[in-house]
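Residue numbers (this note's numbering): 5 to 121. The beta-carbon is built from N, C-alpha and C at its ideal position, and this holds for glycine as well. Below is one structure; the comments refer to it alone.
And the structure:
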């Protein structure tokens with residue numbers, strides 16, 4: 005405990021449509037969908053994450069969803085080179101270092117590719 009940023013299990017994520025010219029639209033669509041299920045992701049993104057996601061030290065507050073380009077304090081970050089190129093990937097900065105990576109993959113696929121339930 006203390007005044008530190010902890011260790012995250014930041015996850016780079018893309019689908020085929022995100023990695024080709026015009027891919028910013030699918031990236032933006034995925035971010036919009038992720039914004040609607042933030043609590044579901046946080047509940048499965050690792051033990052003790054509330055101590056890391058405080059809104060300080062390049063993190064977003066655990067109860068807030070925010071995205072942005074080159075914003076290391078966002079929940080979901082679009083790297084500047086991706087924004088400039090117009091396609092690529094997004095970075096989910098919410099998972100903690102002790103997260104089960106299969107849960108991260110499952111949730112990202114469920115909430116960005118599969119039809120909403």
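Only residues of its own chain outside the window of five on either side were considered, and among them 37, 38 and 41 have a CB closer than 7 angstroms to the CB of residue 115, listed in chain order. Our two residues, residue 47 and residue 121, have alpha carbons roughly 18 angstroms apart in a direct line. Short of 7 angstroms from the beta carbon of residue 66, and not among the five residues preceding or following it, lie these beta carbons of its own chain, in chain order: 46, 53, 54 and 57. Between residue 61 and the set 71, 75, 49 and 50, the nearest pair of CA atoms involves 75. Under DSSP, residue 96 shares a beta bridge with 15 and 80.
Look at residue 116 here: in three-state DSSP terms it is helix. 21 is the residue among 85, 21, 43 and 25 whose C-alpha sits nearest the C-alpha of residue 34.
Collapsing the DSSP output to three states places residue 71 in a strand. Residue state for residue 48 is assigned as coil, using DSSP reduced to three classes. Bounds of the alpha helix (DSSP H) holding residue 38 are 28-39.
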